[in-house]
Amino acid sequence: MDQVKNLFWPMKNGKCWVLNSEVICLISTPTKISGRAYNISNLDLENIDSWLQKKLNTFKIILIERSEGGQLWIQEVSSTPATRMDVVNLQEQLDMRLQQRQARETGICPVRRELYSQAFDELIRQVTINCAERGLLLLRVRDEISMTIAAYQTLYESSIAFGMRKALQAEQGKTDMEQKINDLTQQKEELEKQVNELKGKCDAIEKRDVERRAIEEKKHSEEIQFLKKTNQQLKTQLEGIIAPSKR
Numbered sequence: 002m003d004q005v006k007n008l009f010w011p012m013k014n015g016k017c018w019v020l021n022s023e024v025i026c027l028i029s030t031p032t033k034i035s036g037r038a039y040n041i042s043n044l045d046l047e048n049i050d051s052w053l054q055k056k057l058n059t060f061k062i063i064l065i066e067r068s069e070g071g072q073l074w075i076q077e078v079s080s081t082p083a084t085r086m087d088v089v090n091l092q093e094q095l096d097m098r099l100q101q102r103q104a105r106e107t108g109i110c111p112v113r114r115e116l117y118s119q120a121f122d123e124l125i126r127q128v129t130i131n132c133a134e135r136g137l138l139l140l141r142v143r144d145e146i147s148m149t150i151a152a153y154q155t156l157y158e159s160s161i162a163f164g165m166r167k168a169l170q171a172e173q174g175k176t177d178m179e180q181k182i183n184d185l186t187q188q189k190e191e192l193e194k195q196v197n198e199l200k201g202k203c204d205a206i207e208k209r210d211v212e213r214r215a216i217e218e219k220k221h222s223e224e225i226q227f228l229k230k231t232n233q234q235l236k237t238q239l240e241g242i243i244a245p246s247k248r
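Numbering of the sequence shown is given in my numbering, commencing with residue 2 and proceeding in unit increments.
1. Please work out which residues of its chain come closer than 6 Å, Cβ to Cβ, to T81, disregarding the five sequence neighbours upstream and downstream, and give them in chain order.
2. Report yes or no: do three or more beta-carbon pairs, one from the stretch 118-133 and one from the stretch 83-97, lie closer than 8 Å?
3. Exposed or buried, which one is K16 when buried takes at least 16 other CB atoms within 10 Å?
4. Pairs of beta-carbons, one from the stretch 114-122 and one from the stretch 88-95, closer than 8 Å: are there three or more?
5. Can you give me the C-alpha to C-alpha distance between R213 and E223, rounded to a whole angstrom?
6. Beta carbon of R135, beta carbon of F121: below 8 Å?
7. Can you give me the C-alpha to C-alpha distance between P111 and Q103, rounded to a whole angstrom?
8. Using the C-alpha atoms, what's the distance from A168 back to I161?
9. Any idea if L185 is buried or exposed, counting beta-carbon neighbours within 10 angstroms, 16 or more meaning buried?
10. If you draw a straight line from the alpha carbon of D210 to that of I216, how long is it in whole angstroms?
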């Protein structure tokens, strides 16, 4: 037996390839479907899947194995009632698989959920053998729990996606704000530079105005002094002319 095609109870994601040893369930001895050899093609697999789907409607786990010669075998869930020892073995198998596959004891752990789901399926098998109605009720309970978990998982994934979007938006907003701060800082530095340049020009203008005013005041004072001196000379000359005429 080189490969195992395992269809879970019920079928999970269409089909799943796993090792027979990974299934926590009491199964019967394999029975050969046909004595002739098969070269299994895609069409053959589709026909087998169709036949297996009908079998799944009886709430059984069915395993199809292919030998090296291509012969097909069927392996179904055991219909033998479970004993106390079977329950003990189930618990031991569950604990051993949890340890072997390093399942986490707390928090979200797909491995732990898968193993407990298989153990619960085996318990349903044991109950269904003794009371089919109780087994079907447990199936409804299991399906309801699975739907609830799937809804919470969808909600969790949606919240994670929402949180990631918000984080990306916040990061983008932070980047935009930092860029805006850098732009405003650069603009402020440019304005301060312009203010300093204008202050320098203003100081230069004031300095030139003070110098020009000082020069003009000096020139004006010199002109006044010149006019006063000229006025004094003319006055003296005038007095010199008037004085002899009075004699």
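Here a beta-carbon is modelled for each residue, glycine too, at the ideal position from N, C-alpha and C. All figures in this text were calculated on a predicted structure; none of them were measured in a lab.
Reading from the atomic positions:
1. Residue numbering aside, residue 81 sits at position 80 when the sequence shown is read from its first letter. Counting only Cβ-Cβ distances below 6 Å, and skipping sequence neighbours, we find nothing.
2. yes
3. As a working mapping, residue 16 is identified with position 15 in the sequence shown. Only weak support is given to the placement of K16: the predicted model assigns it a pLDDT of 35, under 50, and the question is left unresolved by the model.
4. Two segments are said to touch when three or more pairs of C-beta atoms, one from each, lie closer than 8 Å; by this definition the stretch 114-122 touches the stretch 88-95.
5. As a working mapping, residue 213 is identified with position 212 in the sequence shown. As a working mapping, residue 223 is identified with position 222 in the sequence shown. Their Cα atoms are separated by approximately 15 Å.
6. Position 134 of the sequence shown, counted from the first residue, corresponds to residue 135. Position 120 of the sequence shown, counted from the first residue, corresponds to residue 121. No, the Cβ-Cβ distance between R135 and F121 is not below 8 Å.
7. Mapped onto the sequence shown, residue 111 falls at position 110. Mapped onto the sequence shown, residue 103 falls at position 102. Put simply, the backbone Cα of P111 is about 11 Å away from that of Q103.
8. Counting from one through the sequence shown, the residue named residue 161 turns up at place 160. Counting from one through the sequence shown, the residue named residue 168 turns up at place 167. One C-alpha to the other measures close to 10 Å.
9. To locate residue 185, count along the sequence shown from 1; it is residue 184. The residue is exposed, with fewer than 16 neighbouring Cβ atoms inside 10 Å.
10. The residue labelled residue 210 in the question sits at position 209 within the sequence shown. The residue labelled residue 216 in the question sits at position 215 within the sequence shown. Approximately 10 Å between the Cα atoms of the pair.
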